[in-house]
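Per the working numbering, the sequence shown starts with residue -16, numbered consecutively.
Heads up, the beta-carbon is just placed ideally off N, CA and C, and yes, glycines get one too.
Keep in mind that this is a model prediction, so the values were computed, not measured.
This report concerns only the one structure given below.
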Amino acid sequence: MNSLGVTSRKPSVVFFSSVEGDFTELSAELNVDKYQVIEISDLIELKKVAHDKSCNLSALVFSTAQGVEEAEKIIEQLDLNYMEIGGPVIAAVREEEQQNEEALLNLGVTKVFQRRLGIEALNLVLSIEIDEFERICKLREELQRRASAIGQIVDGTFRFKTRREAQNLATMLSLTCPNPMPIAIGLTELLINSVEHGCLGIGHDEKGALIEQGTLADEIDRRRASPEYCDKCVVVKFERKQNCLIFDVSDDGDGFDYKSYIAADKGHLKKHGRGIMMAKGCFEELEYFGNGNRVRAVHRFGY
């Protein structure tokens, strides 16, 4: 257990509580082979670790025992870049604190975790949140490497089958926008969802279990090679108009109950489905059709 960040390149999970030892029992059971675990009880120390690039902060888990006001002070210590690209901020709440969930989410918390669920549930939450965060970080790096000349694309139809192809296409098309990062994040979520859940038939709960077991990539390879899934693809129709970008995404899957993820403002409280909520926040319009295997996303600018 570390009190300060070290130079290990493992993802760092910081546990913060103003009550020293509050998380000791929980954090002691975390997978230390997978994560660098740091316990902190002082705001100044938290800020130091959060801004230390060598620490490789990948998730903050904090106690809400002192209420929403303290939660706000905790979140203020984090690096703005970390917050802007969706760095995992997990509020660990007790049953009597459930009424604070909406306020916590409004502060920038990405997940509200019920402490009574224990270490297995926390490991699953961390696996999903950190996997998503690492993907966004790689996407940001890729955007910075790409040439802006790609922005000359005005329309086209694109077909692909893999997650890597999905990210490449999202990066390329987002560069047609004056501010590409939010569009790259939102579009990547939609395209990868189409690959995993549509073309390969991997359910949300199933994906979470595969991530926790470290076998998601293997299962994707297995399904991609099987006769049932090998010919399925995603189609993106893109159009750039004077003041908007239009993305029409469809796949060969069976669809899903999209209404349960986008109808309510609190859709991101669900165990899974954060990707859809992220995409919803990146576009001015997001509309699903039919059984959910087609979605139209619109980004408007210059108004």
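Review point. Which residue's Cα is closest to the Cα of F141: C120, L174, P71?
Key: L174
Point to revise | Validate contact between the segment 223 to 234 and the segment 183 to 195 using beta carbons, cut 8 Å, 3 pairs | key: no
**Study point:** S(-14) versus V44: straight-line alpha-carbon distance, rounded
**Key:** Any answer about S(-14) is weak, because its pLDDT of 47 lies below 50 and its placement is not dependable; what the coordinates show is given next. Taking the straight line joining both Cα atoms gives about 15 Å.
**Study point:** Beta-carbon separation (whole angstroms), Q60 vs L29, contact threshold 8 Å
**Key:** 5 Å
Point to revise | C-alpha gap between I185 and I27, whole angstroms | key: 43 Å
Review point. Are the segment 102 to 120 and the segment 68 to 78 touching by the rule of at least three beta carbon pairs closer than 8 Å?
Key: yes
Review point. So is E85 buried or exposed if we call it buried at 16+ other beta carbons inside 10 Å?
Key: exposed
Review point. Rounded C-beta distance between L105 and L9? I'm assuming under 8 Å.
Key: 7 Å
**Study point:** Ordered list of beta strand (DSSP E) runs contained in the segment 44 to 124, each at least 3 residues
**Key:** 72 to 76, 94 to 97
Review point. Helix, strand or coil: which one does DSSP assign to L9?
Key: helix
Check your understanding: With a CB to CB cut of under 6 Å and the five nearest residues on each side skipped, what residues in its chain are close to V(-4)?
Key -> Y18, V20, A42
Practice item. Along the beta strand (DSSP E) that carries S233, what are the first and last residues, could you check? Key: 227 to 234
**Study point:** Alpha carbon of F221 to alpha carbon of R277, nearest angstrom
**Key:** 14 Å
Review point. Looking only at C-alpha atoms, which of A149, F143, D204, T47 sits nearest to S0?
Key: T47
Review point. Unbroken alpha helix (DSSP H) runs of length 4 or more, entirely within the segment 179 to 224: which are they?
Key: 187 to 196, 199 to 208
Point to revise | Buried versus exposed, by CB contacts within 10 Å (16 or more), R146 | key: buried
Exercise for review: May I ask which residues mark the beginning and end of the beta strand (DSSP E) holding G139?
Suggested key: 138 to 143
Exercise for review: Kindly give me the distance between the Cβ atoms of V137 and R207, rounded to whole angstroms, as I take these residues to be in contact under 8 Å.
Suggested key: Actually they are not in contact, since the Cβ atoms of V137 and R207 sit about 32 Å apart, beyond 8 Å.
Exercise for review: Would you check if the distance between the CB atom of L199 and the CB atom of P163 is smaller than 9 Å?
Suggested key: no
Practice item. Can you give me the start and stop residues for the beta strand (DSSP E) that R147 sits inside? Key: Where R147 is concerned, there is no enclosing beta strand (DSSP E), although the alpha helix (DSSP H) it sits in stretches over 146 to 157.
Practice item. Mind checking which residues open and close the beta strand (DSSP E) that includes E270? Key: 268 to 272
Check your understanding: Which residues does DSSP pair with F(-1) in a beta bridge?
Key -> I23, F45
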